[in-house]
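Just below is one structure, and these are the notes that go with it.
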Amino acid sequence: MYDYITRNPQTPIVTPNVKNAPFQILKNGVKRFHLRAEPVVHELVNGIKIRGYGYNGSIPGPTILVNQGDYVQITVENRLPEATSVHWHGLIVPNRMDGVPGPGGSPTIRPGESFTYEFRIQQAGTFMYHSHVHDARQELMGLGGMLISRGIYEEPVDRDYVLLLQEWAVQTEMHQQNHDHQMNDHTSRQLAPSIYNIDPMAMMFNFFTINGKAYPDTTPLLVRYGERVRIRLGNLSMDSHPMHLHGHDFITTAVDGNIIPVTARLKRNTINVAPGETWNIEFFANNPGNWAFHCHKPHHTTNMHSIDMGGMLTVVRYVQ
Numbered sequence: 353m354y355d356y357i358t359r360n361p362q363t364p365i366v367t368p369n370v371k372n373a374p375f376q377i378l379k380n381g382v383k384r385f386h387l388r389a390e391p392v393v394h395e396l397v398n399g400i401k402i403r404g405y406g407y408n409g410s411i412p413g414p415t416i417l418v419n420q421g422d423y424v425q426i427t428v429e430n431r432l433p434e435a436t437s438v439h440w441h442g443l444i445v446p447n448r449m450d451g452v453p454g455p456g457g458s459p460t461i462r463p464g465e466s467f468t469y470e471f472r473i474q475q476a477g478t479f480m481y482h483s484h485v486h487d488a489r490q491e492l493m494g495l496g497g498m499l500i501s502r503g504i505y506e507e508p509v510d511r512d513y514v515l516l517l518q519e520w521a522v523q524t525e526m527h528q529q530n531h532d533h534q535m536n537d538h539t540s541r542q543l544a545p546s547i548y549n550i551d552p553m554a555m556m557f558n559f560f561t562i563n564g565k566a567y568p569d570t571t572p573l574l575v576r577y578g579e580r581v582r583i584r585l586g587n588l589s590m591d592s593h594p595m596h597l598h599g600h601d602f603i604t605t606a607v608d609g610n611i612i613p614v615t616a617r618l619k620r621n622t623i624n625v626a627p628g629e630t631w632n633i634e635f636f637a638n639n640p641g642n643w644a645f646h647c648h649k650p651h652h653t654t655n656m657h658s659i660d661m662g663g664m665l666t667v668v669r670y671v672q
């Protein structure tokens, strides 16, 4: 294992291409957040934009950063043309605050209305949040984000990155072509910059993103030689994504917000992130260069099934 002694226990948590959610601290110490669910036009890559749903104008929504023990109020304002809710994926909260109307008994937030979720953060770790009304539609329209809770027992690192995995069925003329024709078409498909609709109920996905961006528009993960680097992975898509890191092995340190005991941690270079899962992985930056980190399903590293590299891929880039 790596040396923990010299590491910074308060390293900033960074979600490339995504902002952190702003908050107010009330007189009683409560942290108050505001999420606005609304239609969003979002750029996936190279001028290719989609009409989706997001929070605070963003797909995915802003990353919510809290500390274990915080009491939070999160007001969700619904500016969508349909009802919605927010589920705090993996967090232990009171039943009414779980964000699951119907079987869970939580309120439905109708268009033009707001609801404030209130609960104490009991856990530390990597979590997510997403809609739980028409979730088959709304999640795949983009209504999701990451929630990170820091705890006193968190092992310090030098870099701390958050990556949310999503996929999209962008409705283009090429997407409607016969599948056999697509598989035999080896030309590079270049869509014209435009705004496209997406089909959240489709099972054939043609764009794959990390924090809402497809390669080459994903922001590199910067590291320096000798640093210990944490990557927090979350999956709000239909497919599993075996994420593979070039040039390094990594250690699995947490799953679904739960710390993995040191004796049970595995050294790997690929981790399969199933739908709904979060994983923390950590590696020692000891091999300088520009190294790919990507889903190992070949179609998932393309844009529109082109022969060009794209999709769910980013770069670990060493800097001085």
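Residues are numbered in my numbering as their position in the sequence shown, beginning at 1, plus a constant of 352. Glycine residues also receive a C-beta, built at the ideal position from the N, C-alpha and C atoms. Since the model is a prediction, treat every value here as computed from it, not as a measurement.
Distances from the CA of residue 506 to each of 567, 606, 424, 454 were compared; the closest alpha carbon is that of 606.
For residue 510, DSSP assigns no beta-bridge partner whatsoever. The criterion of a C-beta distance shorter than 8 Å is not satisfied by residue 432 and residue 374. In the assembly as shown, residue 577 is an exposed residue. Its beta-carbon has fewer than 16 other beta-carbons within 10 Å. DSSP places residue 403 within a strand segment (E or B) once states are collapsed to three. In the displayed model, residue 491 falls within a helix according to three-state DSSP.
Its chain contains 519, 557, 627, 649, 652 as the residues whose beta carbon lies nearer than 8 Å to that of residue 591, once the 5 sequence neighbours on both sides are disregarded; these appear in chain order. Contact annotation: the segment 604-620 does not touch the segment 554-573, with fewer than three C-beta pairs closer than 8 Å. Considering only 389, 543, 468, 502, the residue with the shortest C-alpha distance to residue 399 is 543. One thing to note: residue 660 has its Cβ no nearer than 8 Å to the Cβ of residue 579. The three-state reading of DSSP puts residue 621 in coil, since its state is none of H, G, I, E or B.
Residue 414 counts as buried, since no fewer than 16 other beta carbons sit within 10 angstroms of its beta carbon.
Annotation: the continuous beta strand (DSSP E) that includes residue 595 extends over 593-597. The way I'd put it, the segment 374-389 doesn't touch the segment 549-564; fewer than three beta-carbon pairs between them come closer than 8 Å. Non-local C-beta neighbours of residue 489 in its own chain, meaning closer than 6 Å and more than five positions away in sequence, comprise 552, ordered along the chain. The beta-carbon separation of residue 582 and residue 634, rounded to 5 Å, stays under the 8 Å limit for a contact. With a cut-off of 8 Å on Cβ pairs, the segment 467-485 is in contact with the segment 443-450, counting three or more such pairs. Taking C-beta atoms as the reference points, residue 484 and residue 439 count as a pair closer than 8 Å. Comparing alpha carbon positions, the residue from 647, 421, 447, 466 closest to residue 435 is 466. Inside the segment 363-399, DSSP marks whole beta strand (DSSP E) runs of 3 or more residues at positions 375-377, 383-397, from first to last along the chain. Look at residue 448 here: in three-state DSSP terms it is helix. For residue 567, no beta strand (DSSP E) encloses it, and the DSSP letter there is neither H nor E.
As DSSP reads the structure, residue 583 sits in a beta bridge with 513, 633.
DSSP places residue 476 in the coil class of the three-state scheme, outside both helix and strand. A contact between stretches requires three or more CB pairs, one per stretch, nearer than 8 Å, and the segment 415-422 meets this requirement with the segment 490-500.
Residue 589 counts as buried, since no fewer than 16 other beta carbons sit within 10 angstroms of its beta carbon. Counted as a single uninterrupted DSSP element, the stretch harbouring residue 408 is not any beta strand (DSSP E), since DSSP gives it neither H nor E.
In the structure shown, residue 435 falls within a coil segment according to DSSP collapsed to helix, strand and coil.
Judged by beta-carbon spacing, residue 464 lies beyond the 8 Å limit of residue 406, meaning their Cβ atoms are not closer than that value.
Under the DSSP assignment, residue 425 falls in the beta strand (DSSP E) whose first and last residues are 423-430. Residue 442 has no beta-bridge partner at all, per DSSP. Per the coordinates, the alpha-carbon of residue 517 lies some 19 Å from the alpha-carbon of residue 610. Boundaries of the beta strand (DSSP E) around residue 574: 573-575.
Here the alpha carbon of residue 624 sits roughly 13 Å from the alpha carbon of residue 602.
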